[in-house]
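All residue numbers for the sequence shown refer to the working numbering, where the first residue is 931 and numbers rise by one. Think of the CB as a built atom: it goes at the ideal place given N, C-alpha and C, for glycine as much as any other residue. First up is the structure itself, then whatever we jot down about it.
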Amino acid sequence: MLIAAYEEEENLGDVLKEVPTMAGDLEVSTLVMVDGGSDGTDQVAIDAGVFTCVLPVNLGQGAALRLGYELALAHGARFVVTLDADGQNDPSELSTIIEPLVADEADFVIGSRRLGVDRTTDRFRQAGVRVYARILNAITHQEITDSSNGFRAFRAELLRDIVPYLRQDQYQTAEVVIAAAHRGWRIVQRPTIWHPRASGQSKKSGNFIFGLQYARVIGTTWLRVTFRRDPRN
Ligand SMILES: Nc1nc2c(ncn2[C@@H]2O[C@H](COP(=O)(O)OP(=O)(O)OP(=O)(O)O)[C@@H](O)[C@H]2O)c(=O)[nH]1
Ligand SMILES: [Mg+2]
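As structure tokens, this is what we get:
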């Protein structure tokens, strides 16, 4: 389990408590990437007894995850599962999310609040999730309903294939979907619950800037994978 956490001292402890130690026959190791910040997130992770990597400065969720993927692969992980440190995902759904990987029916699984239960009430954000899913599906020929959900599971080979080509330091979710689809990896989704943030504000900007940034990532990544000469880009 890989968790990027930026100033989440209030939320991370409860998230870690819910992470199962086993998923079926598989042993679960947890790595928290503490993405700079000035609160006690690092101490919360260390006290929970999980692997903890503390970045000296804030690099952004995408950059923190990139390094986290590398560390998980170096550790010998067969599957890597990410989720948010703010309590929006439910770690006890781990078995559901990796099941298609274990069954060799998928290489990349994305949680979906739209197929599952969305406990949040921000209509604008919910509409954004639908609109961006449509745009992303149109360019990737997928049928993903919640492309920005941070609860995701990867087969290690897929990560090894795409990590060197990821560029987005903050808004990484769409970039990963486009890269995985471009490689022809099997992408499936699983229903998950989506809670409101346990405490604190979203660390990302408000809806409008979030939306613009998301559109920028979709646009630039799509252009990159489509027009670059190097087919792996
Ligand atoms: N925003 C932000 N999150 C980071 C950063 N580094 C790591 N994270 C973690 O990334 C996860 C998602 O961040 P959020 O700010 O909740 O963003 P989000 O879930 O995409 O958007 P919301 O729906 O507004 O909460 C959390 O676990 C953060 O702690 C960073 O630099 N900025
Ligand atoms: Mg969040």
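- Taking a cut-off of 8 Å on C-beta distances, the segment 1096-1112 does not touch the segment 1016-1027, as fewer than three cross pairs fall below it.
- Relative to ligand 1, ALA1002 has its C-beta separated by 6 Å or more from all heavy atoms.
- In the DSSP assignment, THR982 forms a beta bridge with VAL962.
- Our two residues, ASP965 and LEU1142, have alpha carbons roughly 23 Å apart in a direct line.
- Per DSSP, reduced to three states, the secondary structure at ARG1044 is strand.
- About 23 Å separates the Cβ atoms of GLY954 and ASP1014, ruling out a contact at the 8 Å cut-off.
- For THR1122, the enclosing beta strand (DSSP E) has its first and last residue at 1117-1124.
- According to the DSSP assignment, VAL1011 belongs to the beta strand (DSSP E) that extends over 1009-1012.
- According to the DSSP assignment, ARG996 belongs to the alpha helix (DSSP H) that extends over 991-1004.
- Within the model, the alpha-carbon separation for GLN1131 versus ASN941 is close to 11 Å.
- A direct Cα-Cα distance of roughly 27 Å separates ARG1113 from VAL958.
- DSSP, read as helix, strand or coil, puts GLU940 in coil.
- DSSP places GLU1073 in the coil class of the three-state scheme, outside both helix and strand.
- If you check the C-beta of ASP1014 against ligand 2, you find a heavy atom less than 6 Å away.
- The closest heavy atom of ligand 1 lies 6 Å or more from the beta carbon of GLY1141.
- Per the coordinates, the alpha-carbon of THR1050 lies some 16 Å from the alpha-carbon of THR1075.
- From the listed residues ALA1128, ASN1137, THR982, the smallest Cα separation to ARG1053 is found for ASN1137.
- At the C-beta level, VAL1039 and VAL949 stay beyond 7 Å of one another.
- The beta carbon of THR960 lies closer than 6 Å to those of MET931, VAL949, VAL980 in the same chain, with the five residues before and after it left out.
- Non-local beta-carbon contacts of VAL962 in its own chain, meaning distances under 6 Å to residues more than five positions away in sequence, involve ILE933, ALA935, ALA975, VAL980, THR982 in chain order.
- The alpha-carbon of ALA1111 is positioned some 8 Å away from that of HIS1071.
- In its chain, beyond the 5 residues on either side, GLY954 have a beta carbon closer than 7 Å to the beta carbon of VAL1032.
- In this structure PRO1021 is buried. Its beta-carbon is surrounded by 16 or more other beta-carbon atoms within 10 angstroms.
- For ARG1008 and ILE1065, the gap between their C-alpha atoms comes out near 31 Å.
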